[in-house]
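Counting in this note's numbering, the sequence shown runs from -3 upward without gaps.
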Amino acid sequence: MRFKITLLNSLFLLFSMLVFSQQGALDPTFGEDGIVITDLNQNEFVFDMVIQPDGKILVLGGMLVDSSFGYFIARYLPNGSLDMSFNNVGYVQDTFGPYQDVMTRISLLPDGSFFISGRSIQVGSQDDKVVALKFDEVGQQLSGVWINTTSGNDVANGAVLQTDEKLLITGASPSSTGNSTDISLIRILSNGLPDASFGNNGRITTHVGSNYNSGSAVKQLLNGKIIVAGETREGTSNNNIVLLRYNSNGTLDTSFGNSGYTITDTGSLDDKTVAMQELNNGNILLGAFNGTNSILLEYTNNGALNTNFGTGGMVTTNTEGIYGVMSLYIRDGSKILMSGFNTDTNQTSLVLFQFHSNGELDESFGNSGMISISLNAIPAFTGISGIKLQNDGMAVLAYSSLQPSDIVLARYFISLELGIVDFNDIQLHPLIYPNPIASETTLEYTLSQAETISITLYDFSGKLIRTFLSSEGKEAGDHKHTLAFDGIATGNYVLKLSNGSATRTIQLIKK
């Protein structure tokens, strides 16, 4: 693998050195060659994942225990090994007795505690309940609440924490208007109890379409209002996208869309909404899919499609096979990264698209705006978590392997730019190769004038590991250094280059 570094000139003669990596490659410092497989002696199915501020990784999923479906929570250290400080064994397993427990969302609180939420199914009855359980930072359960209507099945889909640490859960509830469902929105206090000040004992339902309504994703906006994305259907028509905005007290915000909601029909297939982000200008990005199409939509803060985005506010990207969107990120202030999966003839792949802020594919990303990575994964929507981005530019994915069904964590390079080194009045066109590094790597560059150069290596804690060059004068012209990495442990490091007046960093990997 070869990393290329390119220098760009600015109006102030400031030059930048960019380090490039093969996008979609596994990070060899994570687990075994970038992958960690965990077998909890059951059939495990991954649903969600969060990355803690300290770099630890929490994974939530389901498992088959005899004839019951339970849940598991596993926590990993940043290097991919199980965290034995979590419930003493690195994971939690449990069931609710005769119920089938489908816990699908995990929400992290600032103190390290967390909620998991989902649905408890009683087979053969119409008594499915929404469930929210709270755990402390070491995996001990603190509270639990079961919420349901007087009759019929309740469903939990999306969940998010408010800034005041209350938990919002959206899904579907039986409708009182006939044989249909309503969009439900539930709010749980930080102590795990329903918020009695919100709707009817912590619960609000909204009827939009005459036949079917369901919430899929929920988010608290910067102004404190709540946005819910989901699906609605009139009669026998296809499911359409519905976006609703609520005031902080749970009442519909009638200034948004048509009396509080807006409906979008993307075509002739059933639409499914999954992911949502708020932009700095208050607009809403929505990730959805139908059949083989991924759909990215942007709405203004009054609920109308933003006609300056894509075509009429919408971007549709076709893939071979069935495609499902999993997550949305805003990168570098304006780039839009959408992750999902693609299933074609029993082959499942992780698929990433990157767009500019106007909805155009970013041709510099992967292969004309897309990266596709084959997975040995269950070909289903319920077996993949969607990627989570780390501060170092890596992407972590959790999914369920295929035969046997185990937990798989993988970490990938997805960003070309791993670091920037600024120099004043230095013209560089260097290469650094290979990277990742086995025993040594080569740095080549060109100076347009004489400079005093230092090259040092640090670990991520800031500890100096090695000095390759210390304030050494270099003449104008071509230069080449062989950097020895013998005796340096496997891991991620920061290479620091300085000319005495400006310094930046480059991330390197020791295999």
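We put the beta carbon where it would ideally sit given N, CA and C, even for glycine. Remember, it's a predicted structure, so these values are computed and weren't measured experimentally.
Would you report the Cα separation of residue i and residue j, rounded to the nearest angstrom?
i	j	result
Q423	N488	Residue placement at Q423 cannot be trusted, given a pLDDT of 41 that sits under 50; the coordinates are not used to answer.
T312	T448	52 Å
N187	N197	15 Å
N236	V204	11 Å
I367	K384	15 Å
S450	L479	13 Å
L346	I184	33 Å
K476	T442	9 Å
F26	I33	11 Å
L78	V42	16 Å
V490	R462	11 Å
G57	S401	12 Å
T177	V238	14 Å
G76	R407	9 Å
G253	T303	15 Å
L493	T452	7 Å
F194	S251	20 Å
N420	K221	Because the pLDDT at N420 is just 47, under 50, the model does not fix this residue reliably, and the value given afterwards should be weighed accordingly. Their backbone Cα atoms lie some 46 Å apart in a straight line.
L36	Y257	43 Å
Y242	A434	55 Å
Y87	N207	41 Å
N209	N39	32 Å
Q386	S121	43 Å
M99	V46	14 Å
M334	A271	9 Å
Thinking C-alpha only, which one of the options is nearest residue i?
i	options	result
A128	V151, V119 and G483	V151
Y319	Y325, D328, M310 and A284	A284
A531	S466, Y454 and S444	Because residue 531 is not part of the residues shown, which for the chain are -3 to 507, the question remains open.
G381	L405, T258, L398 and H352	Sequence inspection shows Ser at residue 381; the Gly mentioned does not correspond to that position. Selected option, being the one with the closest Cα: L405.
S353	M322, L493 and E294	E294
G278	L217, G336 and M272	L217
R71	Y208, A394, G148 and N431	A394
P24	D62, M390 and G483	M390
E274	G483, L189, T307 and A225	A225
Considering only their Cβ atoms, is the gap separating residue j from residue i smaller than 8 Å?
i	j	result
F92	L163	no
I182	V126	yes
N286	D261	no
D358	Q350	yes
I69	G114	no
A192	S180	no
I143	V392	no
I223	I165	no
L138	S103	no
T525	L282	What the structure shows of the chain is the stretch from -3 to 507, and residue 525 is not part of that stretch, so it cannot be assessed.
Y95	S81	no
L324	I410	no
D160	E133	no
N431	I369	no
G211	N175	no
V156	K215	yes
V321	G309	no
N83	D124	no
What's the call for residue i, buried or exposed, on a 16-neighbour Cβ count within 10 Å?
i	result
G299	buried
T247	exposed
T228	buried
V85	exposed
H119	Position check: residue 119 holds Val in this sequence, whereas His was assumed. It is exposed - the Cβ of V119 has fewer than 16 other Cβ atoms within 10 Å.
P170	buried
L460	exposed
T173	exposed
G582	As shown, the chain starts at -3 and ends at 507. That puts residue 582 outside it, with no answer to give.
E436	exposed
E356	exposed
E468	exposed
L265	exposed
G329	exposed
A485	exposed
P49	exposed
M13	Residue placement at M13 cannot be trusted, given a pLDDT of 34 that sits under 50; what the coordinates show is reported in the next sentence. Result: buried.
D62	exposed
Q399	exposed
Counting along the chain, where does the beta strand (DSSP E) carrying residue i start and finish?
i	result
M80	Per DSSP, M80 belongs to no beta strand (DSSP E) and is neither H nor E.
A168	L163 to P170
Y454	E447 to D455
F41	N39 to I47
Y257	Y257 to T260
Q386	Careful: Q386 lies outside any beta strand (DSSP E) and carries neither H nor E.
Y95	Careful: Y95 lies outside any beta strand (DSSP E) and carries neither H nor E.
I433	Taken as a continuous stretch (DSSP letters only), I433 belongs to no beta strand (DSSP E), as it is neither H nor E.
Counting only beta-carbon separations shorter than 8 Å, does residue i have a partner in chain C?
i	result
N196	In the displayed structure, chain C is absent; only one protein chain is listed.
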